[in-house]
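Colleague: First residue of the sequence shown: 793, per our numbering; consecutive thereafter. For every residue, glycine included, the Cβ atom is placed at its ideal position computed from N, Cα and C. Source: prediction; values computed, not measured. I'd like to ask you about the structure that follows.
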Amino acid sequence: MGAEESAPGIGDGPNMPFERSVVVRRHPFETYQVMLGHLAPGWSHRIPCLARCRGNALLVMDAHLPPEVRGAIEEEIGGCFGSRLSVDSIPGGESLKQLEALSGVYDACGRAGIRRDGVILAAGGGTISDLTGFAAATWHRGTPWVVLPTTLLAQVDSSIGGKVGVNIHGLKNQVGAFHQPRAVVADMGWLRHLPAAELACGMAEVVKYALGFDPYLWEILGAMEGPLAYSCPHVSLIVGRCVDIKARCVAFDERDEGVRHLLNLGHTFAHVLEGEGICATHGVAVGLGLVAATRLGIRLGLCDPSLERAVVDVVRKFGLSAWVEAPPPDLFSAWQSDKKHTHGGWVVVVPTGRGSCRVVRDPPADAVREAFQSLFAGG
Ligand SMILES: NC(=O)c1ccc[n+]([C@@H]2O[C@H](COP(=O)([O-])OP(=O)(O)OC[C@H]3O[C@@H](n4cnc5c(N)ncnc54)[C@H](O)[C@@H]3O)[C@@H](O)[C@H]2O)c1
Ligand SMILES: [Zn+2]
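So this is what it looks like as structure tokens:
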């Protein structure tokens, strides 16, 4: 098991419209490809599960996508399926991930005549793909699906790995499934009109991958002057390296029982900050979480003290915060009750250098408390 990354053009044959592709290998005979770059029209005919599909297709699309992105996706998939395509436009955002919206997608599947020989496509950010993927996982006990991620966060993170679900009782992703897509296709051009705050959310995950897993990516981020622009010559290289890291973790641990936990770097702190309503966005919480995890790593003697400055600088460069302007609340009890800590003790991931990380089990309570407090004014 493992993930393979191909350089531009290599292995894809001539005229391949994708700049990079990463294979997610679940099992020696079961893989899917993540294809990314600046896509040329006609790309959908090169995706086997679309080109060979004999059934109907349903395209679930974020109604908030810029008109040019919506138009380009609809035209491309329409060119592949003709009259067999139905489109369902729904507004993306966290409030979408509810049972009512799920029921709406089932209705659309019914109207579109989707059977297991058909395909469901999700075009939008992580909320659209989490919802649509869960509908696909359960429609006819599992229908093929394809993700077209349109936010940076979705391209580097949520579109890969097959975790899908909705929120209930105010709890995030409380009902869900593992249902791997047949393919993921990401056009960097779709990021063109992404608001700065959404770009920063994606960058928080990019920083996580660089800090925890990829010294080369860490160097690239260090050399960048500001947030990742869709037109940056390295954009597909950067997104591709993140996808490759996630693909490797998923290949070794599809069900999130071991190595995939490492992807929680910064997130154990972030979940508490988000849960307590301290951060406006997930990205800001992850940025703060990466700073706190680094301080904890230093305190435990697992990484060099110089890493603190480097992480603070990178986080701030990409429009995220390194501290909170408020007196420190006691977040330790919230941390203790977070669900990620309940499997055989409390678990936290800390960096061990520029591009590596490790799990720490049952860290000393005072060290965790200090790491939280260091994020706050007067902490
Ligand atoms: N399944 C997983 O493994 C996984 C991993 C991480 C996060 N998630 C989930 O992903 C969700 C967050 O995803 P997200 O950040 O993509 O949020 P999102 O889907 O809410 O998109 C963010 C905003 O950007 C808008 N948008 C989308 N594409 C755009 C574009 N190209 N141009 C302009 N605006 C655009 C959306 O309408 C929305 O308002 C959360 O629900 C989280 O739980 C899932
Ligand atoms: Zn995250």
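Considering only their Cβ atoms, is the gap separating V879 from L851 smaller than 8 Å?
Modeller: For the purposes of this step, residue 851 is taken as residue 59 along the sequence shown, with counting starting at 1. For the purposes of this step, residue 879 is taken as residue 87 along the sequence shown, with counting starting at 1. Yes, the pair counts as a contact, with Cβ atoms nearer than the cut-off.
Colleague: Alpha carbon to alpha carbon, what distance is there between A929 and D899?
Modeller: Residue mapping note: residue 899 aligns to position 107 of the sequence shown, counting from 1. Residue mapping note: residue 929 aligns to position 137 of the sequence shown, counting from 1. Near 15 Å, if we compare the C-alpha coordinates of A929 and D899.
Colleague: Helix or strand or just coil, what does DSSP make of V897?
Modeller: In the sequence shown, the residue the question calls residue 897 occupies position 105. Of the three classes helix, strand and coil, the one that applies to V897 here is helix, per DSSP.
Colleague: Nearest-angstrom Cα distance between G1004 and D1105?
Modeller: Counting from 1 along the sequence shown, the entry for residue 1004 is found at position 212. Counting from 1 along the sequence shown, the entry for residue 1105 is found at position 313. If I take the Cα positions, the gap works out to 16 Å.
Colleague: Is it the case that the CB of P987 approaches a heavy atom of ligand 1 more closely than 7 Å?
Modeller: Position 195 of the sequence shown, counting from 1, holds the residue named residue 987. Yes, Cβ of P987 sits closer than 7 Å to a heavy atom of ligand 1.
Colleague: If we call anything under 8 Å between Cβ atoms a contact, is V948 one with A914?
Modeller: For the purposes of this step, residue 948 is taken as the residue at position 156 of the sequence shown. For the purposes of this step, residue 914 is taken as the residue at position 122 of the sequence shown. No, the Cβ-Cβ distance between V948 and A914 is not below 8 Å.
Colleague: Please work out which residues of its chain come closer than 8 Å, Cβ to Cβ, to A1062, disregarding the five sequence neighbours upstream and downstream, and give them in chain order.
Modeller: Position 270 of the sequence shown, counted from the start, is the residue given in the question as residue 1062. Contacts found: C1071, H1074, A1077, V1078, L1080, G1081.
Colleague: Would you mind working out which of K889, R933, V1140 sits nearest I960, comparing C-alpha positions?
Modeller: Residue mapping note: residue 960 aligns to position 168 of the sequence shown, counting from 1. Residue K889 is the option with its Cα nearest to I960.
Colleague: Which word fits D1122, buried or exposed, when buried means at least 16 other C-beta atoms lie within 10 angstroms of its C-beta?
Modeller: As a working mapping, residue 1122 is identified with position 330 in the sequence shown. By the 10 Å Cβ count, D1122 comes out exposed.
Colleague: Leaving out the 5 sequence neighbours to the left and right, which residues in its chain are closer than 6 Å to G803 when beta-carbon positions are compared?
Modeller: Within the sequence shown, the letter at position 11 stands for residue 803. The predicted position of G803 is uncertain, since its pLDDT is 30 and thus under 50; no value can be drawn from it.
Colleague: Can you tell which of G871, L1054, W1138, E1162 has its C-alpha closest to the C-alpha of V838?
Modeller: Counting from 1 along the sequence shown, the entry for residue 838 is found at position 46. Rather than Val, the amino acid found at residue 838 in this sequence is Arg. Nearest C-alpha to R838: G871.
Colleague: Measure how close the beta-carbons of M853 and G916 come, nearest whole angstrom, since I'm counting them as under 8 Å.
Modeller: For the purposes of this step, residue 853 is identified with residue 61 of the sequence shown, where counting begins at 1. For the purposes of this step, residue 916 is identified with residue 124 of the sequence shown, where counting begins at 1. Confirmed, about 6 Å.
Colleague: So, does the stretch 1016-1026 touch the stretch 981-991, judging by three or more C-beta pairs under 8 Å?
Modeller: The stretch 1016-1026 vs the stretch 981-991: in contact.
Colleague: Answer with buried or exposed for G1089, where buried requires no fewer than 16 other C-beta atoms within 10 angstroms of its C-beta.
Modeller: Stepping through the sequence shown from its first residue, residue 1089 is reached at position 297. With 16 or more Cβ atoms within 10 Å of its Cβ, G1089 is classed as buried.
Colleague: I'd like the list of long-range same chain contacts for R1047, defined as Cβ closer than 8 Å, with 5 residues on each side in sequence excluded.
Modeller: Start at 1 with the first residue of the sequence shown, and residue 1047 comes out as number 255. The answer, listed in chain order, is F970.
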